[in-house]
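Undergrad: In my numbering, the protein residues as written are 1082 to 1343.
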Ligand code: BT5
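(1) Let me know the secondary structure DSSP gives residue 1329 once reduced to three states.
(2) Near residue 1243, which residues of its chain fall below 7 angstroms by C-beta distance, leaving aside the five closest residues on each side in sequence?
(3) Bridge partners of residue 1223, per DSSP?
(4) Around the Cβ of residue 1283, are there at least 16 other Cβ atoms within 10 angstroms (buried) or fewer (exposed)?
(5) Count the other CB atoms, across all protein chains shown, that sit within 10 Å of the CB of residue 1266; report buried if there are 16 or more and exposed otherwise.
(6) By the 10 Å Cβ neighbour count, where 16 or more other Cβ atoms means buried, how is residue 1343 classified, buried or exposed?
(7) Look up residue 1303 in the DSSP assignment and say whether it is helix, strand or coil.
(8) Does residue 1194 pass the burial test, meaning 16 or more other C-beta atoms within 10 Å, or should it be called exposed?
(9) So is the beta-carbon of residue 1224 under 7 angstroms away from any non-hydrogen atom of the ligand BT5?
(10) List the residues that DSSP assigns as beta-bridge partners of residue 1296.
(11) Could you tell me if residue 1272 is buried or exposed, where buried requires 16 or more neighbouring beta carbons within 10 angstroms of its beta carbon?
(12) Could you tell me if the beta carbon of residue 1142 falls within a distance shorter than 7 angstroms of some heavy atom in the ligand BT5?
(13) On the CB-based measure, 16 or more other CB atoms within 10 Å of its CB, does residue 1225 come out buried or exposed?
(14) Just to confirm before moving on: does the CB-CB distance between residue 1097 and residue 1121 stay below 8 angstroms?
(15) Give the DSSP bridge partners of residue 1310, in chain order.
(16) Any idea what DSSP makes of residue 1124, helix, strand or coil?
(17) Which word fits residue 1245, buried or exposed, when buried means at least 16 other C-beta atoms lie within 10 angstroms of its C-beta?
(18) So does residue 1310 have its beta carbon nearer than 7 angstroms to some heavy atom of the ligand BT5?
(19) Quick check on the burial criterion: 16 or more other C-beta atoms within 10 angstroms. Buried or exposed for residue 1148?
(20) Between residue 1173 and the ligand BT5, is there a pair consisting of the residue's CB and a ligand heavy atom that are separated by less than 7 angstroms?
(21) Distance check for residue 1113 and residue 1029, CA to CA, integer angstroms please.
(22) Check each candidate in 1241, 1189, 1163, 1129 and name the one with the smallest Cα separation from residue 1352.
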């Protein structure tokens, strides 16, 4: 990957500016800094390697050289979009589901922020926001996608099984083409953010729908319930025992199918 080929191959998309790096700490950090210096909407930070890539709650995200996509897209939410930041995680996931569809791969979304291929994690999403007063001025949609098998960290660093697009396809795809299709998917789906169409598509791709899962929220006791679907704000609706419903809305949550809980 390099700046020139990215500029050229993404030129048909309505992006802001593009900043490519061979190696960075975290693309999300660079994007948050750049956003403060007024990066336009849909500006992209992308790197071939991250040395301090992060997931949620200080966990690590591994991006070895030239093996995956590590990108951060800078978005300036409109007034309506302001009220529903959780939907942006869904936006990244739907963008990727659309991109993987081009390879005839049915991806699933493990709520809230993982994209699975064959039941294993192929990508993770980290949305971070910069506020001015009570307004979200910038939202950084950070995505890590395992393109090649070499993108995966060692098994003992994983909390959940991982895979790559190369493994699912049986051959190495073109990284920039996947990036192009992912960005196109995000741009398409953003027009529908928060609509029924958006929620239905997200729900249709949900992993473990109708199945029993266990959810941990921070240090709270875990919840066990059956996944029913999504609320209009992207919250996950569970059916607990005694037929009570419970809605889980982000924060620090972990979700596992019940039959795989160690
Ligand atoms: C995530 O967090 O899955 C969000 C990952 C977001 C990464 C992108 S890359 C571009 C941008 N810049 C950044 O610094 N971050 C974003 P979480 O749900 O907390 O999952 C983290 C867990 O995933 C780790 O604890 C590992 O177990 C596992 N993991 C780490 N690297 C992985 C990989 N390459 N493939 C699959 N699983 C991985």
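The beta carbon of each residue, even a glycine, is placed where N, CA and C say it ideally should be.
TA: Taking the geometry as given:
(1) Mapped onto the chain shown, residue 1329 falls at position 248. DSSP places residue 1329 in strand when its eight states are reduced to three.
(2) As a working mapping, residue 1243 is identified with position 162 in the chain shown. Closer than 7 angstroms at the Cβ level, and outside the excluded window around residue 1243, lie 1201, 1202, 1227, 1233.
(3) Within the chain shown, numbered from 1, the residue matching residue 1223 stands at position 142. Paired residues: 1153, 1207.
(4) Walking along the chain shown from the start, residue 1283 turns up at place 202. Buried.
(5) In the chain shown, the residue the question calls residue 1266 occupies position 185. Buried, because 16 or more other Cβ atoms sit within 10 Å of the Cβ of residue 1266.
(6) Residue 1343 sits at position 262 when you count from the first residue of the chain shown. In this prediction, residue 1343 has a pLDDT of 37, which is less than 50 and means its spatial position is unreliable; what the coordinates show is noted afterwards. Its Cβ having fewer than 16 others within 10 Å, residue 1343 is exposed.
(7) As a working note, residue 1303 is residue 222 in the chain shown. Residue 1303: coil per DSSP, three-state reduction.
(8) For the purposes of this step, residue 1194 is taken as residue 113 along the chain shown, with counting starting at 1. So residue 1194 counts as buried.
(9) To locate residue 1224, count along the chain shown from 1; it is residue 143. Checking the Cβ of residue 1224 against the ligand BT5 gives yes.
(10) The count along the chain shown starts at 1 and reaches residue 1296 at position 215. Residue 1296 is bridged to 1304, 1336.
(11) For the purposes of this step, residue 1272 is taken as the residue at position 191 of the chain shown. Residue 1272 is exposed by the Cβ-count criterion.
(12) One-based indexing of the chain shown puts residue 1142 at position 61. Flag set: Cβ of residue 1142 near the ligand BT5.
(13) As a position in the chain shown, residue 1225 is number 144, starting the count at 1. Looking at its Cβ environment, which holds 16 or more other Cβ atoms inside 10 Å, residue 1225 is buried.
(14) Your numbering for residue 1097 matches position 16 in the chain shown. Your numbering for residue 1121 matches position 40 in the chain shown. Result yes, Cβ atoms of residue 1097 and residue 1121 sit closer than 8 angstroms.
(15) In the chain shown, residue 1310 corresponds to position 229, counting from 1. Bridge partners of residue 1310: 1318.
(16) Looking up residue 1124 in the chain shown gives position 43. Strand at residue 1124.
(17) Here the question's residue 1245 lines up with position 164 in the chain shown. Answer is buried; the Cβ neighbour count reaches 16.
(18) Locating residue 1310 in the chain shown gives position 229, counting from the first residue. No, the Cβ of residue 1310 stays beyond 7 angstroms of every heavy atom of the ligand BT5.
(19) The residue given as residue 1148 occupies position 67 in the chain shown. Classification of residue 1148: buried, given that the 10 Å Cβ count is 16 or more.
(20) Within the chain shown, the letter at position 92 stands for residue 1173. Result no, Cβ not under 7 angstroms from the ligand BT5.
(21) This structure leaves residue 1029 out entirely; the chain is present only between 1082 and 1343.
(22) Any question about residue 1352 goes unanswered here, given that the chain covers just 1082 to 1343.
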